[in-house]
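*Asks:*
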Amino acid sequence: MTEITKTEPTTIYIRPTSGLAALNLGDLWHYRELIVFMIWRDIKVRYKQTLLGALWAVIQPLMTMLVFNFLFNNIAKVSSDGIPYPIFSFTALLPWGLFTTALNTASRSLTSNHNMITKTYFPRLILPIASVLGGLVDFAIAFAILLVMMLYYRVVPTWNALWALPLFLLLSIISALGVALWLSAINVKYRDVGYALPFITQFWLFITPVAYSSKVISDKWQILYALNPMAGVVNGFRWALLGSGNGPDILVAISAGISLVILLTGLIYFRNMERTFADTI
Amino acid sequence: MTIAIKVENISKKYKIGTAPGKFRYGMLRDQIAALPKKLFKRNEGQAGVDYIWALKDVSFNLEEGKVLGIIGRNGAGKSTLLKVLARVTEPTKGTVAVRGRVGSLLEVGTGFHPELTGRENIYLNGAILGMKRAEIEAKFDEIVDFSEVAQFIDTPVKRYSSGMYLRLAFAVAAHLEPEILVVDEVLAVGDAEFQRKCLGKMNDVAAQGRTVLFVSHNMSAILRLTQEALVMQKGQMTLRAPTNEAVDFYLSSGQSQAGERTWADDEVQASAAPFRPLSLKIRDPRGAVADSVRSTEPLSIEMEYQLLAPVTGLRVGIYLSTVRGEYVFTSFDVDDAALYEKHSTRQPGHYISKCTLPGDMLNEGRYILGFNASSFGVKRYFMDENALGFTVDPSGAPGMQWAEQRQGPLRPRLNWAIENLGK
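If you read the protein sequences in the order shown, they are chains S and G. Going by numbering that gives the first Met the number 0, the letters in the first sequence line up with residues 0 to 280, in that order. Going by numbering that gives the first Met the number 0, the letters in the second sequence line up with residues 0 to 422, in that order.
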């Protein structure tokens with residue numbers, strides 16, 4: 000055992016916090032290593048004791064793409080803006096998969112780690128954040144598949160991809176985190192979230208241009224359509240990688256604005272509920 | 000001396016449902032249904048809800064380097080106090096000023112993942128307890144040594160025996176080096192060897208001049224590790240005194256009169272149903288309820304209880320232990336096989352189970368009776384390890400011609416014979 004270092008310890012005050020307590024982001028920074036550890040843990044155990052392991056990260060979007068291809072391309076003959084339909088839908092399935100995985104894991108992140116919450120202190124924000132970021136690994140694997148598909152179909156990504164893709168990826172993470180904060184905090188008190196979530200994601204898929212092109216939406220509805228942050232993300236991915244659509248415009252700005260609003264309100268709601276997590280979970 | 004922990008008027012209120020256990024999670028439906036009522040009758044929303052003060056106006060200071068024990072019955076607020084100090088839950092009122100990093104050991108192995116290896120879990124658990132990666136790396140070998148699981152360190156912990164799991168978990172926790180350590184009952188688990196090791200480690204921690212708050216039901220651990228203790232009763236701090244005094248006070252509190260312990264409704268957890276303990280009494284041979292009995296005389300123990308529904312396989316019994324926490328024996332009312340057969344299912348009603356301890360059995364000193372009602376392998380209905388304390392007076396016991404303290408909890412009158420085998 001080493002000696003206690005005799006640096007002057009700081010004094011922490013524990014007291015009831017008021018309604019809109021400070022977010023205490025400094026604390027989050029202090030515990031940044033724990034975020035990394037939690038992501039690492041989630042990734043390590045995600046495909047444990049499965050036959051196909053990380054292949055699932057590939058199979059899920061590939062199978063969905065095949066089904067979409069059959070339904071929307073072969074049967075319904077949906078327009079894909081002149082791009083081979085498999086690539087057209089797979090490009091959209093990447094951020095969409097990131098989003099839904101994030102919602103699924105993050106909404107349960109607090110309840111499934113309840114023993115950590117009731118027994119020890121750490122910024123509770125770490126759990127949903129780590130869940131959302133953990134999806135990036137699956138995203139990266141699926142992205143590699145997309146590159147292979149682009150080679151096969153001889154689709155050349157635009158130069159815009161270099162700067163725009165990270166931005167749209169960030170936007171999808173912000174959207175996912177915002178919604179995840181709401182859902183995870185609500186789930187602590189109301190387990191209804193677990194039942195509602197499959198509906199929510201299914202419904203959300205319909206209002207997001209994953210299987211179809213957003214051009215099928217008539218102009219007068221475009222603004223309303225842009226209120227769905229994932230619509231902006233998916234269009235952005237297609238524009239950056241495949242060169243379809245007009246690129247960032249007012250609609251993307253609306254999407255980004257909405258996702259920021261969701262994130263901020265989510266943070267406030269989460270902080271508000273955080274005070275009683277240990278008591279209600 | 001500097002104050003390490005300054006607790007000022009800490010209170011914590013919990014909402015308790017009208018049907019405890021039944022609707023554990025709130026349902027949106029209820030909230031939505033209650034919405035109109037809430038909107039129009041703002042104050043009445045509180046009416047149907049019961050609140051309980053798990054902590055009420057608790058204040059104390061703890062100087063740096065001191066080890067403070069906290070004792071009290073189940074539900075006295077000990078754990079809530081630790082949770083507030085560990086920042087797991089916020090107080091409803093009051094302030095705590097804590098000088099330095101607080102390490103909380105409310106449980107060992109928090110965040111352990113069964114699929115991860117021992118090595119991986121050390122890192123993960125360390126990070127959860129607030130250690131830096133570099134710190135964990137520096138202490139890694141020490142932790143593995145202490146845990147004695149070196150050869151399985153790369154095996155998933157789900158393959159560990161429960162003993163190995165505990166040792167590893169405690170090893171990580173023990174190498175946490177905060178200025179203030181908050182410990183809850185972690186020693187209650189594991190075998191005797193493990194407990195000894197944990198206690199040893201706690202001693203080290205205390206000897207290093209760290210401030211420690213320690214909650215336990217194990218009186219011998221409290222007596223060994225702490226110089227001073229708090230006694231909590233119903234969310235309030237009733238006494239702060241040198242540990243000996245505090246333990247004595249704690250053991251004699253809750254007795255409505257000397258030699259008798261009764262249980263009020265709010266002292267029995269709902270999970271005890273259909274078992275409802277009423278009282279535990281000690282009587283001397285003349286039938287009087289007594290707190291002090293003579294070593295030479297038999298004493299009778301009476302356990303009074305109600306059954307609200309038929310219970311199969313019920314056994315009601317006592318634990319006898321010394322004030323130092325060592326068990327002397329355990330005995331149940333249906334230990335006799337024939338009696339067990341006869342009472343295989345006990346019908347609802349009001350019962351007394353009683354037995355007599357023969358004279359010339361216990362040594363002088365103070366003893367604790369624990370109360371247990373369970374169906375083996377099915378359910379433990381009720382358990383109070385420190386239900387009633389009593390004193391054994393040695394007058395007339397064998398060996399009293401010497402003014403010495405006899406070792407051990409028993410003082411039997413043995414039939415000695417001395418044979419002179421000649422020269």
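Beta carbons are placed, not taken as given, at the ideal position from N, Cα and C, and that holds for glycine. Here the structure is a predicted model, which is why all the values come from computation and not from measurement.
Run through DSSP, which three-state label would G/R275 get?
*Replies:* In the structure shown, G/R275 sits in a strand (DSSP, three-state: E or B).
*Asks:* If distances are taken between C-alpha atoms only, which option among S/Y84, S/P122 and S/L182 comes closest to G/A85?
*Replies:* It is S/P122.
*Asks:* Using the Cβ count rule (16 or more neighbours within 10 Å means buried), how would you classify G/E192?
*Replies:* Counting Cβ neighbours within 10 Å, G/E192 comes out exposed, since fewer than 16 surround it.
*Asks:* Do you know how far the Cα of S/I34 is from the Cα of G/E244?
*Replies:* Between G/E244 and S/I34, the C-alpha separation is close to 46 Å.
*Asks:* Expressed to the nearest angstrom, what Euclidean distance is found between the alpha-carbon atoms of S/V154 and S/P85?
*Replies:* Distance between the alpha carbons of S/V154 and S/P85: 12 Å.
*Asks:* Once the 5 residues before and after G/S294 are set aside, which same chain residues still bring their CB inside 8 Å of it?
*Replies:* Only G358, D359, M360, L361, N362, E363, V391, D392, P393, S394, G395, A396 and R410 meet the Cβ criterion.
*Asks:* Can you check whether the C-beta of S/R270 is within less than 7 Å of a C-beta belonging to chain G?
*Replies:* By this cut-off, S/R270 is not an interface position.
*Asks:* Tell me, please, whether the CB atom of S/R40 is closer than 7 Å to any CB atom in chain G?
*Replies:* Closer than 7 Å to some Cβ of chain G, the Cβ of S/R40 qualifies, so yes.
*Asks:* In whole angstroms, give me the CA-to-CA distance for S/Y268 and S/A184.
*Replies:* Near 8 Å, if we compare the C-alpha coordinates of S/A184 and S/Y268.
*Asks:* Could you tell me whether any Cβ in chain S is nearer than 7 Å to the Cβ of G/I15?
*Replies:* Output row for G/I15: interface = no.
*Asks:* State buried or exposed for S/D137, treating a residue as buried only when at least 16 other CB atoms are found within 10 Å of its CB.
*Replies:* Label assigned to S/D137: buried.
*Asks:* Just mark G/K131 as buried or exposed, buried being the case when its beta carbon has 16 or more other beta carbons within 10 Å.
*Replies:* When all chains shown are included, G/K131 counts as exposed.
*Asks:* Can you give me, in chain order, the residues of the segment 129-140 of chain S that have a beta carbon less than 9 Å from any beta carbon in chain G?
*Replies:* Correct list: empty, as no residue qualifies.
*Asks:* Compare the Cα-Cα distances from S/N73 to each of S/A101, S/M148 and S/A210 and report the closest residue.
*Replies:* Nearest option by C-alpha distance: S/A210.
*Asks:* So is S/F284 in contact with chain G if we call contact Cβ pairs under 7 Å?
*Replies:* The question about residue 284 of chain S has no answer here: the residues shown for chain S are numbered 0 through 280.
*Asks:* Should G/I9 and G/P113 be called a contact, given that it needs their Cβ atoms to be closer than 7 Å?
*Replies:* No, these two residues do not count as a Cβ contact at 7 Å.
*Asks:* Name the chain S residues that come within less than 7 Å of G/V87, Cβ to Cβ?
*Replies:* Going along chain S in sequence order, the residues near G/V87 (Cβ under 7 Å) are T117, K118, T119, Y120 and A277.
*Asks:* Quick check: is the beta carbon of S/I125 nearer than 7 Å to any beta carbon in chain G?
*Replies:* Judged by the 7 Å Cβ criterion, S/I125 is not in contact with chain G.
*Asks:* What did DSSP end up calling G/P90 once you bin it into helix, strand or coil?
*Replies:* G/P90: coil per DSSP, three-state reduction.
*Asks:* Three Cβ pairs or more, each shorter than 8 Å: is that satisfied between the segment 234-250 of chain S and the segment 154-164 of chain S?
*Replies:* These segments touch.
*Asks:* Using the C-alpha atoms, what's the distance from G/T94 back to G/L54?
*Replies:* Using only the alpha carbons, I get a separation of about 13 Å.
*Asks:* Are G/L313 and G/S374 closer than 7 Å when you measure CB to CB?
*Replies:* Taking 7 Å as the Cβ cut-off, G/L313 and G/S374 qualify as a contacting pair.
*Asks:* With 7 Å set as the bound, which would you pick, yes or no: does the beta-carbon of G/T1 sit closer than that to a beta-carbon of chain S?
*Replies:* So no, G/T1 is outside the interface.
*Asks:* Ordered along the chain, which non-local residues of its own chain (more than five positions away) have a Cβ less than 7 Å from that of G/I142?
*Replies:* Around G/I142: I121, A170, V171 and H174.
*Asks:* Within 7 Å of any Cβ in chain S, is that where the Cβ of G/R41 sits?
*Replies:* Since pLDDT at G/R41 reaches only 46, below the 50 mark, its modelled position is unreliable, and no value is offered.
*Asks:* In angstroms, rounded to a whole number, what distance separates the CA positions of G/M163 and G/E147?
*Replies:* Whole-angstrom Cα-Cα distance: 8 Å.
*Asks:* Using a Cβ cut-off of 9 Å, pull out every chain S residue sitting near G/R132, in sequence order please.
*Replies:* E32, V35 and F36, listed in chain order.
*Asks:* Measure the alpha-carbon distance for G/H342 versus G/G376 and round it to whole angstroms.
*Replies:* Cα-Cα distance, rounded: 17 Å.
*Asks:* Show which residues of chain G have a CB atom less than 7 Å away from the CB atom of S/T282.
*Replies:* Here chain S covers residues 0 to 280 and nothing more, so residue 282 of chain S does not appear.
*Asks:* May I ask you to list, following chain order, the residues of the segment 99-126 of chain G that have a beta carbon less than 8 Å from some beta carbon of chain S?
*Replies:* So the list reads G99, R100, V101, S103, L105, E106, T109, G110, H112, E114, L115, E119, Y122, L123 and A126, given in the order they occur along the chain.
*Asks:* Using a beta-carbon distance cut-off of less than 9 Å, what residues from the segment 67-85 of chain G approach chain S?
*Replies:* Against chain S - using a Cβ distance shorter than 9 Å - the residues of the segment 67-85 of chain G are K82, V83, L84 and A85.
*Asks:* Can you find a CB in chain G that lies within less than 7 Å of the CB of S/V44?
*Replies:* At least one chain G Cβ lies under 7 Å of S/V44.
*Asks:* By a C-beta neighbour count over all protein chains shown, 10 Å radius and 16 as the cutoff for buried, is G/K11 buried or exposed?
*Replies:* Buried, because 16 or more other Cβ atoms sit within 10 Å of the Cβ of G/K11.
*Asks:* Could you pull out every unbroken beta strand (DSSP E) segment of at least 3 residues lying fully inside the segment 161-246 of chain G, listed in chain order?
*Replies:* Counting only runs of 3 or more, we get 179-183, 210-214, 227-232 and 235-241.
*Asks:* Step through the CB atoms of chain G and report whether any lies within less than 7 Å of the CB of S/T104.
*Replies:* No, because no Cβ of chain G sits closer than 7 Å to the Cβ of S/T104.
*Asks:* Measure the CB-CB distance between G/P469 and G/W262 and report whether it falls below 7 Å.
*Replies:* Given a span of 0 to 422 for chain G in the structure shown, any question on residue 469 of chain G remains unanswerable.
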